[in-house]
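Asks: Residue numbers (my numbering), protein chains in the order written: chain A, 127 to 310; chain B, 521 to 1164. Using N, Cα and C, we set each Cβ at its ideal position, and we do this for glycine too. What follows is a structure written as structure tokens; I'll ask about it next.
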Amino acid sequence: MIGLHAERVADDPRAVRWVVPAGSLPTGRVRSAPSALGAMFADATLSAGLVEHTAVWLWLGDGRSWADMGPAVQSALREALGEPSGWVIEPAPGEVLERVAGDLLNGSVGDFIRSHGGTAAAERVAGGDAVTVRLGGACSNCVAADHTLRLRLMDGLRRRCPDLVEVEAAEPGAGGGLTLRLGR
Amino acid sequence: MTDGCHGGSGPTTTADSGLTRFALVGSPNSGKTTLFNALTGLHAKTGNYPGVTVSKFEGRTRLDGGRSVLVEDLPGTYSLDPISPDEQIVVDILDASGDADRPDAMLVLLNATTLRRSLGLLAQVAQTGLPICVVVTFADDLARRNGRLDMAAFSRALGVPVVAVAAGQRDGVAELRRLMAGHRSWSRPVVPPPTDAAEVPAWADSVLSASDYQLPEADERTRRIDAVLLHPVLGTIVFLLVMFTFFQTIFTVAAPLQDYVETFFGWLGELVAEHVHLGWLSAFLSEAVIGGIGGVLVFVPQIVLLFVLIAVLEGTGYLARAAFLMDRVMARAGLEGRAFVALLSSYACAIPGIMATRSLPSARDRLATMMGAPLMTCSARLPVYILLVSLLFAGEARIGPFNARGVVMFALYFFGAVAAMLAAAVFKKFTSRGGPMLPFYMEMPPYQVPRLKSVVAEVWTAAAAFLRKVTTIILATTVVLWVLLNLPLRDDATVAAAGVDTTDNSAVSAYVLNNSYAASIGRAMEPVFEPLGFDWRINIGVLSSLAARETFVATLGQVAAAEDPEDPGAALAAMRVDDRPLFDVPTITALLVFFMFALQCMSTVGVLRRETGTWRWPLIAFSYMFVLAWTMAFIARTVVSAFG
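Right, dumping it as structure tokens:
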């Protein structure tokens, strides 16, 4: 029995982040999925899917709600995870990194930053595989911000994106920040 | 175990309509009662015997901003698949849509040291759609024993607010009060947890893994003691010693106490005979009322001792280890170790045994254990066995080097236990068809000195419940039996017309008895029991033993008109039917075997009804055991006759 559970995605009621066993699938954008889950993509019950190392993000199509569709999607996803060869997943490192970083900034890492009076936002570098995390608020002028963010965010990111290879400082003058790059 | 656990300060049970209502939901030992006290300020018992809170308890608490709310402490339950009325209460309250008693929000308590199992209950509770706040209890215990749980991640994974509380610390409770004030805006799971029993453990694992959950290590002192007590060889030796002491205490320490009770009722009977001169009233009072109550109260010392021992074993934490050691043996019957506790209790009486099945989280295991428990040799069988075995062998008879009576008694006890295990195995197999196996969890509580107050409270509750529930049944039956044995009333003319000397009291009694309603009933039963060699007199004994098995001895005593109804052996041995002694070897064997298997105990039937919430299971139990008893008795009689 494959273990999974659903987590709410802040500010996006159509999305659910399904936490699945790490490494169940290659990461990237879902092009097609096997069995009942595939049928849900076909009949527009689901509009999009994204795979990270420990989770599968699924977005519902128009007019559907997770309250109604949740249990059915859960069964279909569990079944589909049982046949990883039936998935077609297109690598999308930038998109995955953006989601994960955004998720961390909405969650535990963000809680820490906000408790210090700061703000943080993740933004993908146009067309690329890298993500920029920008700090604002009280963090803007904090000399320790870069270091703190590195420690906190990197810890979470390494766990959820094991193929993350590089972290580099953003260009100076950008208000403090990090540029993260996903690679193989 | 039943009411009264919350002490005498009198919690309010009136329905304060209009107040926001919070329900505390959690398994036994989740710290519910402690939190209830912390919130409402009522004094309540915080014992660790499974099923500590059974009755409904409500209290008020004041939240931030001065608003009062109601807190209801629901009975502890491992799941929402109800099998006992306690668990049914939880289901009914959570299901009652639109009912004023339905809570507005739930506080679900999860024990941090046993989270995996506790999540199963949460998954079920989440299906009710009521707002939930998870209260993680024993978080201090988890930290002290190097366990770990990321509360924020746990809250995210569950989709509901989570707060940690520790006994004796105010921070957690203050945080909980703040959360309760905002219950309308509690987050809800975006997708409810799975409902399928097979999917729940996988879901729980996923949630715990995402929450960085690390199981707590064993307590150091506990670990060292366990190194001995759970050792395959040493542990088994200690276990056998404990069990030996257990039985010795129940059977030997209780004996003199039982004698006192018997002496007291004997004295009371004489007092009645002395001062009540109305013949039939005197007989009724001494035989039916005092005999009936006395016959039951004789077993109170055993019941009290049994519960003292079980409460001490449970309180120290040893019972869980005994269950662990017995797990492998019990597994042969498809049961888990904890069922052993229930079967062990059934050696004294099936009633506490059946009640002890409450500690089994699986409904199927509970049913299977309940179906097997009445086959264990309960203390009420003891007087019957002693009477019959003494008719079978002289005191000095030997089988090999051993006393013959002792060997037969041991065999009866042994085969009773084997039969109970086999019956449980069959029922487990039968009820498990097509259903998934539930995961097996066993808690190993740290060792501690049992608290006197808890032990006394448990023993008192058990003894009081025993007296209240059983005396009503036994008393009523004895009264009815007495009436049946003495009616219809015969005037002297009728008796004389039948050729009986009206001046010979025993001859008159014998005539009245032979023509009583009871005799008619006994004769009506003859077609059923004739193949077993029973005549109407034994039939009446069998029938009366339905109230309580030991009534069989007293009834035969009455029927035999023996001098001492408690020892009618001599008179019985002289009884004849047709041209043979009534109590010949094949008949005694058949009776012994019949009593070994038959559910001759309406109290047990009543408790089965109460614990399963339906008449179905007691009916099944009674029927299967009757058929089994009759068949085995017939086989035994046939075999013994053939070798006779």
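In chain order, what residues of the same chain have a beta carbon less than 7 Å from the beta carbon of Leu-864/B, not counting five sequence neighbours either side?
Replies: Taking the second sequence and counting its residues from 1, one reaches residue 864/B at position 344. Excluding positions up to five away in sequence, the list is empty.
Asks: Can you tell me where the beta strand (DSSP E) holding Met-850/B begins and where it ends?
Replies: Position 330 of the second sequence, counted from the start, is the residue given in the question as residue 850/B. No beta strand (DSSP E) holds Met-850/B; the alpha helix (DSSP H) holding it covers 838–851.
Asks: How big is the Cα-Cα spacing for Pro-776/B and Pro-821/B?
Replies: Within the second sequence, the letter at position 256 stands for residue 776/B. Within the second sequence, the letter at position 301 stands for residue 821/B. Approximately 9 Å, taken between the alpha carbons.
Asks: Taking a Cβ distance cut-off of 7 Å, strictly less, list which residues of the segment 175–193 of chain A are near chain B, in chain order.
Replies: Trp-192
Asks: Checking contacts by CB at 7 Å: is Gly-649/B closer than that to chain A?
Replies: Taking the second sequence and counting its residues from 1, one reaches residue 649/B at position 129. It does not: the Cβ of Gly-649/B has no partner Cβ on chain A nearer than 7 Å.
Asks: If you pair each beta-carbon of the segment 229–248 of chain A with each one of the segment 200–207 of chain A, do three or more pairs fall below 8 Å?
Replies: no
Asks: Pick from Ser-547/B, Met-671/B, Gln-647/B, Asp-593/B: whose alpha carbon is nearest that of Thr-634/B?
Replies: Residue numbering aside, residue 634/B sits at position 114 when the second sequence is read from its first letter. Per the Cα distances, Ser-547/B.
Asks: Quick one: which chain B residues come within Cβ less than 8 Å of Met-127/A?
Replies: For the purposes of this step, residue 127/A is identified with residue 1 of the first sequence, where counting begins at 1. Result: Ala-718, Glu-719, Pro-721, Ala-722.
Asks: Please work out which residues of its chain come closer than 6 Å, Cβ to Cβ, to Val-727/B, disregarding the five sequence neighbours upstream and downstream, and give them in chain order.
Replies: Within the second sequence, numbered from 1, the residue matching residue 727/B stands at position 207. Hits under 6 Å: Ala-677.
Asks: Taking 7 Å as the limit between beta carbons, can you name the residues of its chain near Val-226/A, skipping five residues before and five after?
Replies: Within the first sequence, the letter at position 100 stands for residue 226/A. Closer than 7 Å at Cβ, skipping near neighbours: Glu-178, Leu-283, Arg-286, Cys-287.
Asks: From Phe-913/B, Ala-939/B, Val-938/B, pick the residue whose C-alpha is nearest to that of Val-927/B; which is it?
Replies: For the purposes of this step, residue 927/B is taken as residue 407 along the second sequence, with counting starting at 1. Ranking the options by Cα distance to Val-927/B, first place goes to Phe-913/B.
Asks: Go through its chain and collect everything with a Cβ distance to Pro-139/A's Cβ below 7 Å, but skip five positions before and after it.
Replies: Stepping through the first sequence from its first residue, residue 139/A is reached at position 13. None.
Asks: What's the gap between the Cα of Thr-783/B and the Cα of Arg-582/B?
Replies: Along the second sequence, one-based indexing puts residue 783/B at 263. Along the second sequence, one-based indexing puts residue 582/B at 62. Computed Cα separation, rounded: 57 Å.
Asks: Taking Cβ-Cβ distances shorter than 7 Å, what residues in chain A pair up with Pro-714/B?
Replies: As a working mapping, residue 714/B is identified with position 194 in the second sequence. The answer, in chain order, is Gln-200.
Asks: Distance, Cα to Cα, Ala-945/B vs Leu-1119/B?
Replies: Position 425 of the second sequence, counted from the start, is the residue given in the question as residue 945/B. Position 599 of the second sequence, counted from the start, is the residue given in the question as residue 1119/B. Taking the straight line joining both Cα atoms gives about 18 Å.
Asks: Verify whether the separation of the beta carbon atoms of Val-145/A and Ala-174/A is less than 7 Å.
Replies: Within the first sequence, residue 145/A is the residue found at index 19, counting from 1. Within the first sequence, residue 174/A is the residue found at index 48, counting from 1. No. Outside cutoff.
Asks: Leaving aside the five residues before and after Val-748/B along the sequence, list all residues of the same chain whose C-beta is less than 8 Å from its C-beta, in chain order.
Replies: Here residue 748/B refers to the residue found at position 228 of the second sequence. Correct list, in chain order: Leu-754, Gly-755, Val-758.
Asks: Give me the subset of the segment 140–154 of chain A whose CB atoms are less than 7 Å from a CB atom of chain B, sorted by chain position.
Replies: Val-142, Val-145
Asks: Please tell me whether Asp-612/B has its Cβ less than 7 Å away from any Cβ of chain A.
Replies: As a position in the second sequence, residue 612/B is number 92, starting the count at 1. Taking Cβ atoms only, chain A never reaches closer than 7 Å to Asp-612/B, which makes this a no.
Asks: Please compile the residues from chain B whose C-beta is within a distance smaller than 7 Å of the C-beta of Arg-278/A.
Replies: The residue labelled residue 278/A in the question sits at position 152 within the first sequence. Chain B residues near Arg-278/A: none, gap ~13 Å exceeds 7 Å.
Asks: Tell me where the beta strand (DSSP E) around Phe-475/B begins and ends.
Replies: No answer is possible for residue 475/B: it lies beyond the span of chain B, which begins at 521 and ends at 1164.
Asks: Would you say the segment 640–656 of chain B touches the segment 699–717 of chain B, given that touching needs at least three Cβ pairs under 8 Å?
Replies: yes
Asks: Please identify the residue among Asp-624/B, Ala-1018/B, Glu-719/B whose C-alpha is closest to the C-alpha of Leu-130/A.
Replies: Counted from its first residue, the first sequence places residue 130/A at position 4. Nearest C-alpha to Leu-130/A: Glu-719/B.
Asks: Considering only C-alpha positions, which residue in the set Leu-995/B, Leu-1112/B, Arg-587/B, Leu-1128/B is nearest to Ile-1155/B?
Replies: Position 635 of the second sequence, counting from 1, holds the residue named residue 1155/B. Cα-wise, what sits closest to Ile-1155/B is Leu-1112/B.
Asks: What residue from Phe-1117/B, Ala-842/B, Thr-1107/B has the CA that sits closest to Ala-1162/B's CA?
Replies: Mapped onto the second sequence, residue 1162/B falls at position 642. The shortest Cα separation from Ala-1162/B among Phe-1117/B, Ala-842/B, Thr-1107/B belongs to Thr-1107/B.
Asks: Give me the chain A residues within the contact set of Ala-673/B, using Cβ-Cβ distance strictly less than 9 Å, ordered along the chain.
Replies: Here the question's residue 673/B lines up with position 153 in the second sequence. Residues of chain A passing the Cβ test: Gly-233, Ser-234.
Asks: Please confirm whether Val-710/B and Ala-132/A have their CB atoms less than 7 Å apart.
Replies: In the second sequence, the residue the question calls residue 710/B occupies position 190. In the first sequence, the residue the question calls residue 132/A occupies position 6. Yes, Cβ-Cβ distance for Val-710/B and Ala-132/A is below 7 Å.
Asks: Suppose the cutoff is 6 Å on Cβ atoms and the five residues either side in sequence are ignored; what does the same chain contact list for Pro-152/A look like?
Replies: Sequence index remark: in the first sequence, residue 152/A carries index 26 (1-based). For Pro-152/A, where only same-chain residues beyond five positions count, the Cβ hits under 6 Å are Ile-215.
Asks: Return no unless some Cβ of chain A is closer than 7 Å to the Cβ of Arg-704/B.
Replies: For this step, residue 704/B is matched to residue 184 along the second sequence. No, Arg-704/B does not count as interfacial toward chain A.
Asks: Rounded to whole angstroms, what's the CA-CA distance from Arg-190/A to Arg-155/A? Just pull it up for me.
Replies: The count along the first sequence starts at 1 and reaches residue 190/A at position 64. The count along the first sequence starts at 1 and reaches residue 155/A at position 29. About 21 Å.
Asks: Answer with yes or no whether the minimum CB distance from Ser-726/B to chain A is below 7 Å.
Replies: Translated into positions along the second sequence, residue 726/B becomes position 206. Yes, contact with chain A.
Asks: Determine the closest residue to Leu-907/B out of Ile-613/B, Gly-1061/B, Val-975/B, with distance taken between C-alpha atoms.
Replies: Position 387 of the second sequence, counted from the start, is the residue given in the question as residue 907/B. Minimum Cα distance to Leu-907/B is reached at Gly-1061/B.
Asks: Of all the CB atoms in chain B, is at least one closer than 7 Å to the CB of Gly-196/A?
Replies: For the purposes of this step, residue 196/A is identified with residue 70 of the first sequence, where counting begins at 1. Closer than 7 Å: yes.
Asks: DSSP has Phe-922/B in a bridge; who is on the other side?
Replies: The residue you call residue 922/B lines up with position 402 of the second sequence. DSSP output for Phe-922/B lists Ile-919/B as bridge partner(s).
Asks: Does the contact criterion of 3 or more C-beta pairs under 8 Å hold for the segment 732–744 of chain B versus the segment 665–672 of chain B?
Replies: yes
Asks: List the residues of chain B that Asp-237/A touches, going by C-beta distances under 8 Å, in chain order.
Replies: For the purposes of this step, residue 237/A is taken as residue 111 along the first sequence, with counting starting at 1. Ala-672, listed in chain order.
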